[in-house]
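Below is one structure, written out as structure tokens, with a few remarks after it.
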Amino acid sequence: MISDVTSPPTAAPQVDTLRALFEQQRQHQPVLRRASATERGQRLRRLSDWIMVNRTAIQEAHYADFRKPAAETDLTEIWPTQGEIKHTLAHLKQWMRPRKVKTPLSLLGTTSWVQYEPRGVCLIISPWNYPFYLAVDPLISALAAGNCCIIKPSELTPHVAALLRRMVEEVFEPSEVAVVEGDKDVATALLQLPFDHIFFTGSPQVGKVVMRAAAEHLSSVTLELGGKSPVVVDETANLRDAAEKLIWGKCVNAGQTCVAPDYVLVQEKVQPALLAEMRTVIHQYYNPADAGVQESTSYARIVNGHHFARLAGLLEDAQAAGATIALGGSIDPDQCFIEPTVLTHVAPESRLMQEEIFGPLLPLVPYTTLQSAVEYINARPKPLAQYIFSRSRENQQYLLENVTAGGAAINETILHLAHAELPFGGAGNSGIGKAHGHFGFLAFSNEKGVLKQRLGRTGIKLMYPPYTPKVRGLINMLLKYL
Ligand code: NAD
Numbered sequence: 253m254i255s256d257v258t259s260p261p262t263a264a265p266q267v268d269t270l271r272a273l274f275e276q277q278r279q280h281q282p283v284l285r286r287a288s289a290t291e292r293g294q295r296l297r298r299l300s301d302w303i304m305v306n307r308t309a310i311q312e313a314h315y316a317d318f319r320k321p322a323a324e325t326d327l328t329e330i331w332p333t334q335g336e337i338k339h340t341l342a343h344l345k346q347w348m349r350p351r352k353v354k355t356p357l358s359l360l361g362t363t364s365w366v367q368y369e370p371r372g373v374c375l376i377i378s379p380w381n382y383p384f385y386l387a388v389d390p391l392i393s394a395l396a397a398g399n400c401c402i403i404k405p406s407e408l409t410p411h412v413a414a415l416l417r418r419m420v421e422e423v424f425e426p427s428e429v430a431v432v433e434g435d436k437d438v439a440t441a442l443l444q445l446p447f448d449h450i451f452f453t454g455s456p457q458v459g460k461v462v463m464r465a466a467a468e469h470l471s472s473v474t475l476e477l478g479g480k481s482p483v484v485v486d487e488t489a490n491l492r493d494a495a496e497k498l499i500w501g502k503c504v505n506a507g508q509t510c511v512a513p514d515y516v517l518v519q520e521k522v523q524p525a526l527l528a529e530m531r532t533v534i535h536q537y538y539n540p541a542d543a544g545v546q547e548s549t550s551y552a553r554i555v556n557g558h559h560f561a562r563l564a565g566l567l568e569d570a571q572a573a574g575a576t577i578a579l580g581g582s583i584d585p586d587q588c589f590i591e592p593t594v595l596t597h598v599a600p601e602s603r604l605m606q607e608e609i610f611g612p613l614l615p616l617v618p619y620t621t622l623q624s625a626v627e628y629i630n631a632r633p634k635p636l637a638q639y640i641f642s643r644s645r646e647n648q649q650y651l652l653e654n655v656t657a658g659g660a661a662i663n664e665t666i667l668h669l670a671h672a673e674l675p676f677g678g679a680g681n682s683g684i685g686k687a688h689g690h691f692g693f694l695a696f697s698n699e700k701g702v703l704k705q706r707l708g709r710t711g712i713k714l715m716y717p718p719y720t721p722k723v724r725g726l727i728n729m730l731l732k733y734l
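In terms of our numbering, the sequence shown opens at residue 253 and continues consecutively.
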């Protein structure tokens, strides 16, 4: 049940403590605001060093929270975080530099530029599915842009949340960065404070709650949300390659990835062949010794009993509506284990096709024409990611041009989010605003437009009141020619 922050707070006593922390950061903000690129870079280097020294502790915390394999923690939590720091260090000076803009004829004599200033004191609320990366990645952008920050990590991954708090306590002063652990009541209390920017990563439902709270103070927001990211596999696709990438994209983090392929629209003629390739690939990745996927050390677990029951419910509901389990299907509630499971004959009205799956269940939906595939996607809210498996440039172009999504990858899954030069974020229901690299820096910056005028006689003064016929004539000329 999602609480509404506009209702009376349930965690009132906490607000005072949080307000004191917020005020402490507000007092300190001018220091960070004035910090040079070198000083900001030093903070980021300290963070990067801490991460490398504590790499094993980071892996252990993820394993404790949902048996995430250490290699996957390296690949999907530590590597992208270090990559973001490196990219930021390489470009920060240039990003901070005021950007000169051209002067139009009508403003001749002036000079203008865009100046980047920090938003101020920011709140980062992060989810549990990539609990380290999704808390630290926005922090990197926030620090690069010269902000102070309070981070509220997810309560569903408590080991990583505690580790994040320790990291922040060891690397920063509380007046710069602080971690506040807790559940939605703590988030609700934090949301009562007049933050200058709120960076929220989580579900669309809670995103709405955050945006309502932000409206109270007119705080700006970045909302990194979720949704159903579709895949199209057409008849020209290399099916082995598509299966390898799709199964990896679906099963990394046990499918608990915001940009995981949610469902696959496959050209009906190639569905049997794709299914056969998927069978081979799942075996190769997660069951090479024939001991069963549950014995694999390369496969994570569902984060908790609640999400396990949700996914088991989706599976049951889909089967009741006529779906067939084509691959996988075994589950173990004691271990929160769900095998990679591919389904066919899925009813469009079943919950599996209505809700974001966020787990290792993959429905295959056959299509006849590309146009019908596009119509199927566009009948649903705008996705966070769109995936296209095709050798046909024409089909790739058609799908890119006719579907709106936060991002897209052609003949690949997920990797677009690892490219620091690409904006990462959603569209509509899947999010507002963009993150990563320069886009993250901009999300945490106020882009101040500055115009500098000469002293004395300037063109615009000729149009000051009183609006005599001569002045109006000049205004007419301005409208016509400039
Ligand atoms: P969630 O929305 O349940 O929780 C996210 C955060 O919000 C947590 O810290 C939680 O404590 C807090 N929260 C929960 N209820 C709240 C309330 N009423 N008021 C204020 N804060 C509240 O999301 P989740 O289950 O942690 O994560 C899964 C969702 O996040 C999926 O929809 C997924 O697609 C999305 N996601 C998006 C991205 C992205 O980059 N776009 C990345 C990861 C996850």
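Beta carbons are placed, not taken as given, at the ideal position from N, Cα and C, and that holds for glycine.
Please read all numbers here as calculations on a predicted model, not as lab measurements.
Length of the line joining the Cα atoms of residue i and residue j
{"i": "V702", "j": "R371", "result": "17 Å"}
{"i": "E425", "j": "T474", "result": "25 Å"}
{"i": "L563", "j": "A575", "result": "15 Å"}
{"i": "L416", "j": "A397", "result": "21 Å"}
{"i": "P330", "j": "G434", "result": "Per the sequence presented here, residue 330 reads as Ile, with Pro not at that position. If I take the Cα positions, the gap works out to 23 Å."}
{"i": "H411", "j": "I590", "result": "22 Å"}
{"i": "T656", "j": "K634", "result": "6 Å"}
{"i": "S550", "j": "P282", "result": "47 Å"}
{"i": "L344", "j": "M530", "result": "43 Å"}
{"i": "A414", "j": "C510", "result": "23 Å"}
{"i": "N654", "j": "L622", "result": "10 Å"}
{"i": "G658", "j": "L357", "result": "37 Å"}
{"i": "M419", "j": "E312", "result": "14 Å"}
{"i": "S472", "j": "E369", "result": "14 Å"}
{"i": "V462", "j": "R724", "result": "49 Å"}
{"i": "Q276", "j": "E487", "result": "60 Å"}
{"i": "T720", "j": "L674", "result": "53 Å"}
{"i": "W641", "j": "F318", "result": "Before going further, note that residue 641 is Phe rather than Trp in the sequence given. The straight-line gap from Cα to Cα measures roughly 31 Å."}
{"i": "A289", "j": "V429", "result": "18 Å"}
{"i": "I303", "j": "A495", "result": "34 Å"}
{"i": "R492", "j": "Q523", "result": "12 Å"}
{"i": "D326", "j": "T355", "result": "48 Å"}
{"i": "L341", "j": "G611", "result": "35 Å"}
{"i": "Y628", "j": "N663", "result": "20 Å"}
{"i": "Q763", "j": "A489", "result": "The first residue shown for the chain is 253 and the last is 734, placing residue 763 beyond what the model contains."}
{"i": "T362", "j": "I377", "result": "42 Å"}
{"i": "A578", "j": "L567", "result": "12 Å"}
{"i": "G544", "j": "F676", "result": "36 Å"}
{"i": "S481", "j": "K338", "result": "29 Å"}
With 16 other Cβ atoms within 10 Å as the buried cut-off, status of residue i
{"i": "T333", "result": "buried"}
{"i": "D448", "result": "buried"}
{"i": "I712", "result": "exposed"}
{"i": "R295", "result": "buried"}
{"i": "R553", "result": "buried"}
{"i": "S548", "result": "buried"}
{"i": "M348", "result": "buried"}
{"i": "G557", "result": "exposed"}
{"i": "H690", "result": "buried"}
{"i": "T409", "result": "buried"}
{"i": "L360", "result": "exposed"}
{"i": "M751", "result": "What the structure shows of the chain is the stretch from 253 to 734, and residue 751 is not part of that stretch, so it cannot be assessed."}
{"i": "P513", "result": "buried"}
{"i": "V598", "result": "buried"}
{"i": "Q638", "result": "buried"}
{"i": "H535", "result": "exposed"}
{"i": "S624", "result": "exposed"}
{"i": "A572", "result": "exposed"}
{"i": "V305", "result": "exposed"}
{"i": "I727", "result": "exposed"}
{"i": "K436", "result": "buried"}
Residues bridged to residue i (per DSSP)
{"i": "S364", "result": "V353 and L703"}
{"i": "N698", "result": "E369"}
{"i": "H449", "result": "C374 and S472"}
Residue-level contact to chain D via CB, residue i, 9 Å cutoff
{"i": "G701", "result": "Within the model displayed, chain D is absent; a lone protein chain is all it includes."}
**OP:** Counting only runs of 3+ residues fully inside the stretch 453-522, write out the beta strand (DSSP E) ranges in chain order.
**Re:** 472-476, 481-485 and 513-519
Original post:
Counting only runs that start and end within the stretch 620-687, where is the beta strand (DSSP E) found for 3 or more residues in a row?
Top reply: 637-641 and 659-662
Subject >> Completely contained beta strand (DSSP E) runs for the stretch 551-580, where each covers 3 or more residues >> reply: 576-579
**OP:** Write down every uninterrupted run of the beta strand (DSSP E) in the stretch 582-619 whose length is 3 residues or greater and which is fully enclosed by it, in chain order.
**Re:** 593-596 and 613-619
Original post:
Curious, which full-length alpha helix (DSSP H) runs of at least 4 residues does the stretch 386-445 contain?
Top reply: 410-423 and 436-442
Original post:
What alpha helix (DSSP H) runs, 4 residues minimum, are completely inside the stretch 256-327?
Top reply: 264-286, 289-305, 307-318 and 322-325
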